[in-house]
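Step one of this worksheet: look at the structure below.
Number of protein chains: 2
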Amino acid sequence: MATRTYNISELAEEFGVTTRTIRFYEEKGLIQPRREGQKRLYTPADRVRIKLILRGKRIGMSLQESVEVIDMYDPEHNNRDQLHSLIRTVQDKRARLLRQQQDIEDMLAGLDEVQALCERGLEGNP
Amino acid sequence: MATRTYNISELAEEFGVTTRTIRFYEEKGLIQPRREGQKRLYTPADRVRIKLILRGKRIGMSLQESVEVIDMYDPEHNNRDQLHSLIRTVQDKRARLLRQQQDIEDMLAGLDEVQALCERGLEGNP
DNA sequence: TCCGACGTTTACGTTAACGTCAACTTGGTC
DNA sequence: GACCAAGTTGACGTTAACGTAAACGTCGGA
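As C-alpha cells, this is what we get:
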C-alpha cells in the first residue's frame, strides 16, 4: 500500500503555521521533502519531523536544538565513543527538561495563588 | 533593620547574565532600580523580579510575557471586570503550561528510549 | 597623582525565525 | 484561451534580545 503524502498547505493548516514557515525549515535543512515536478511532497516522516520541531519550539527550544534532539533517534552512531557522547548529551537534555518541569510547577503554583486571591476578591458578587 | 541592596555586577554574577542584560531589562521597563548618584541600586524585590523573568525565559516565555505573569501578583485589579479578566488570563497561562508539561514528558520518554538503545549498543564493551 | 576597577550613556551590530512583497509557473475549469 | 488557486524562487524587511565598542565619570588605593 502506497503511503500517503501531503502538500505544503495541508501541513501548514494542520500545524497552524504558514507555508513560509515550512519552506523556511527546509531552507535551514530541517526537512527534505521530495518533489513532484516543482511541488514539494511530504511523507508521513516529514510530517512527524515538523511536529517534533514545533513541540520543541513550544518548550522554548531553538530550531537547531530541536533537530539535534530529533536526530538522536536515528542511528548514525556506530562506535563506542559516539554512543558514550550521545548518552552524555541525553543526560544534559534531561537535566534541562527537569529544571523546566520545576519552573513550570512553580509557575503553576503561583497561578493558583493568583486565582485564589481573585476569587476571594469576588466573594459574594459573581 | 535596613534591607540590603545589590549593585549591578553582583546580580549579573548571581544569575549568570551580563550587566548589559540587566540594563536592557530596565530599558524595557521590566525593572526600575533606584539610583545612588548615578549608580543603580537594586532591592531584594528587584532581584526577585529578575529571577522570575529568567525563570520565564527558561520555559520559553518572552520578556513581555514574563512581566505579564509577574505583574498578576500585585493588585491593581479593583473591580469585578478586571478580576474576571485576570482569572481568564490565569486559565490561559495554565493551559499553556499544562501543554508544556505534556511536551516535556513526551520528550523525556524519548530520551529514555534513546539512552536504552545506546546502552544496548554498548552491551559487553563499556 | 595616576591608575585600574567599576559604573554610566549612546549607538550601531547581530542572530533567529520568520513576514512580506514581487514576479513567475502550472494544473484544472469555465 | 482566459482565468484562478496554489505552487515556486528570490530578495528585502522586521522583531526580540541582547553583544559590542566608544567615550566618559568616580572612587579607593599604591
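Residue numbers (our numbering), protein chains in the order written: chain A, 86 to 211; chain B, 86 to 211. Glycine included, each C-beta is placed from N, C-alpha and C at the ideal position.
Ile-189(B) touches chain A at which residues, Cβ-Cβ below 9 Å?
Here the question's residue 189(B) lines up with position 104 in the second sequence. Per Cβ cutoff of 9 Å: Ile-144, Leu-182, Leu-183, Gln-185, Gln-186, Ile-189.
Indicate whether Ile-81(A) and Leu-137(A) have their beta-carbon atoms separated by less than 7 Å.
Outside the modelled stretch of chain A, which goes from 86 to 211, sits residue 81(A), for which no answer is possible.
Since Gly-206(A) meets chain B, which of its residues come closer than 7 Å, beta carbon to beta carbon?
As a first step, residue 206(A) is located in the first sequence; it is residue number 121 there, counting from the start. Result: Leu-168.
Nearest to Tyr-158(B) by CA position, among Leu-207(A), Gly-195(A), Leu-168(A), Ala-97(A), is which residue?
In the second sequence, counting from the first residue as 1, residue 158(B) sits at position 73. If we check each option's Cα against that of Tyr-158(B), Gly-195(A) comes out closest.
Is it buried or exposed for Asp-188(A), if we count other Cβ within 10 angstroms and need 16 for buried?
In the first sequence, counting from the first residue as 1, residue 188(A) sits at position 103. Counting the other Cβ atoms within 10 Å of the Cβ of Asp-188(A) gives 16 or more, which makes it buried.
Distance cutoff 7 Å, beta carbons only. Does Lys-178(B) sit that close to anything in chain A?
Start at 1 with the first residue of the second sequence, and residue 178(B) comes out as number 93. With 7 Å as the cut-off, Lys-178(B) counts as an interface residue toward chain A.
Looking at the unbroken beta strand (DSSP E) that takes in Arg-89(A), where does it start and where does it end?
For the purposes of this step, residue 89(A) is taken as residue 4 along the first sequence, with counting starting at 1. No beta strand (DSSP E) contains Arg-89(A), which DSSP labels as neither H nor E.
Indicate whether the contact test is met: 3 or more Cβ pairs, each with one atom in the stretch 157-175 of chain B and one in the stretch 191-209 of chain A, closer than 8 Å.
yes
Any beta carbon from chain A within less than 7 Å of Arg-140(B)'s own beta carbon?
Indexing the second sequence from 1 puts residue 140(B) at position 55. At least one chain A Cβ lies under 7 Å of Arg-140(B).
Ile-149(A) CB to nearest chain B CB: under 7 Å?
Here residue 149(A) corresponds to residue number 64 of the first sequence, with the count starting at 1. The sequence shown places Gln at residue 149(A), rather than the Ile named in the question. By this cut-off, Gln-149(A) is not an interface position.
So Gln-200(A) and Ile-172(B) are supposed to be a Cβ contact under 8 Å. How far apart are they, rounded?
As a first step, residue 200(A) is located in the first sequence; it is residue number 115 there, counting from the start. As a first step, residue 172(B) is located in the second sequence; it is residue number 87 there, counting from the start. Yes, Gln-200(A) and Ile-172(B) are in contact; Cβ-Cβ is about 6 Å, under 8 Å.
Please compile the residues from chain B whose C-beta is within a distance smaller than 9 Å of the C-beta of Tyr-158(A).
Numbered from 1 along the first sequence, position 73 holds the residue referred to as residue 158(A). What Tyr-158(A) touches in chain B: Gly-195, Glu-198, Val-199, Leu-202.
Check whether the Cβ atoms of Arg-132(A) and Tyr-91(A) lie closer than 7 Å to each other.
The sequence position of residue 132(A) within the first sequence is 47, counting from 1. The sequence position of residue 91(A) within the first sequence is 6, counting from 1. Contact: yes.
Round the Cβ separation of Leu-182(A) and Met-192(B) to the nearest angstrom and send it over; I've been treating them as touching at under 8 Å.
Stepping through the first sequence from its first residue, residue 182(A) is reached at position 97. Stepping through the second sequence from its first residue, residue 192(B) is reached at position 107. Leu-182(A) to Met-192(B), Cβ: 6 Å. Contact.
Rounded to whole angstroms, what's the CA-CA distance from Arg-140(A) to Met-146(B)? Just pull it up for me.
Locating residue 140(A) in the first sequence gives position 55, counting from the first residue. Locating residue 146(B) in the second sequence gives position 61, counting from the first residue. Whole-angstrom Cα-Cα distance: 14 Å.
For Lys-178(B), count neighbouring Cβ atoms within 10 angstroms of its own Cβ and tell me buried if that reaches 16, exposed if not.
Here residue 178(B) refers to the residue found at position 93 when the second sequence is read from its first residue. It counts as buried.
For Leu-115(A), which of helix, strand or coil comes out of DSSP?
By one-based count along the first sequence, residue 115(A) stands at place 30. Of the three classes helix, strand and coil, the one that applies to Leu-115(A) here is coil, per DSSP.
Tell me whether Gln-149(A) is buried or exposed, calling it buried when 16 or more other Cβ atoms sit within 10 Å of its Cβ.
Position 64 of the first sequence, counting from 1, holds the residue named residue 149(A). Gln-149(A) comes out exposed.
Is the beta carbon of Ser-94(A) less than 7 Å from the beta carbon of Thr-106(A)?
As a first step, residue 94(A) is located in the first sequence; it is residue number 9 there, counting from the start. As a first step, residue 106(A) is located in the first sequence; it is residue number 21 there, counting from the start. Their beta carbons are not under 7 Å apart, which means Ser-94(A) does not touch Thr-106(A) by this criterion.
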